[in-house]
Amino acid sequence: MDFKKHTDDQSVESRLSDRDFAPKRLHVDRLKPRSEERPPKAVPAREDIEARLAVIWADVLGVGGVGADNNFLDLGGDSLLALKLISRVREAFRVELGMRTIFEKLTLAAQAAAIRKLMS
Numbered sequence: 000m001d002f003k004k005h006t007d008d009q010s011v012e013s014r015l016s017d018r019d020f021a022p023k024r025l026h027v028d029r030l031k032p033r034s035e036e037r038p039p040k041a042v043p044a045r046e047d048i049e050a051r052l053a054v055i056w057a058d059v060l061g062v063g064g065v066g067a068d069n070n071f072l073d074l075g076g077d078s079l080l081a082l083k084l085i086s087r088v089r090e091a092f093r094v095e096l097g098m099r100t101i102f103e104k105l106t107l108a109a110q111a112a113a114i115r116k117l118m119s
C-alpha cells in the first residue's frame, strides 16, 4: 500500500497550528518560594521530638522559625526535599518515616507523632 496515495501533506499541515506546539503557560506565582509566605508566628515545639524535627525541617527547607503547626508544603517542601527529610529522620531517630507519611501528615506536629509511634 502506498501511503502517499492515502494522505495529503497539505491537509495535515493545515490542521496543525503553532498553538499545538506552544509550551503551556507557567503561573509566575508558582515560581515564588513558598517560604516567604509562611505564617508570621510559629507555634513553638511542644516536646523533644518536635524540637529535634523542627531543626531538621529548618535545615532541609532552608527556613527559620519552624513551629509545630507549620505545613511541609507551605514552607516549600516537595518530593525531593521529602526524600532528604526521610534520610535525616532516619539518621536522627533511627526510624523509617515513609514518603506517604510525609504527605499524609503535613504538619511538623503530625510527623513528630508518627515518629513517636514508630519509636515505641
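Per numbering that gives the first Met the number 0, the very first residue in the sequence shown carries number 0; after that it's consecutive. Idealized CB from N, CA, C, for every residue including glycine. Just so we're clear, the structure is a prediction, and the values are computed from it rather than from any experiment.
{"Asked": "N-terminal and C-terminal residue of the alpha helix (DSSP H) that Gly88 is part of", "Found": "The residue you asked about is not Gly; residue 88 is Val in the sequence shown. From DSSP, the alpha helix (DSSP H) with Val88 extends over 78 to 92."}
{"Asked": "Residue of Phe102, Ile85, Ile101 minimising C-alpha distance to Val94", "Found": "Ile85"}
{"Asked": "Residue nearest to Arg87 in terms of C-alpha spacing, selected from Arg45, Pro43, Glu46, Val54", "Found": "Val54"}
{"Asked": "Other residues of its chain near Pro43: CB distance less than 8 angstroms, five sequence neighbours each side excluded", "Found": "Gly66, Ala67"}
{"Asked": "Where Arg37 falls, given that 16 or more other Cβ within 10 Å makes a residue buried", "Found": "Unreliable placement is indicated for Arg37, whose pLDDT of 47 sits below 50; no coordinate value is reported for it."}
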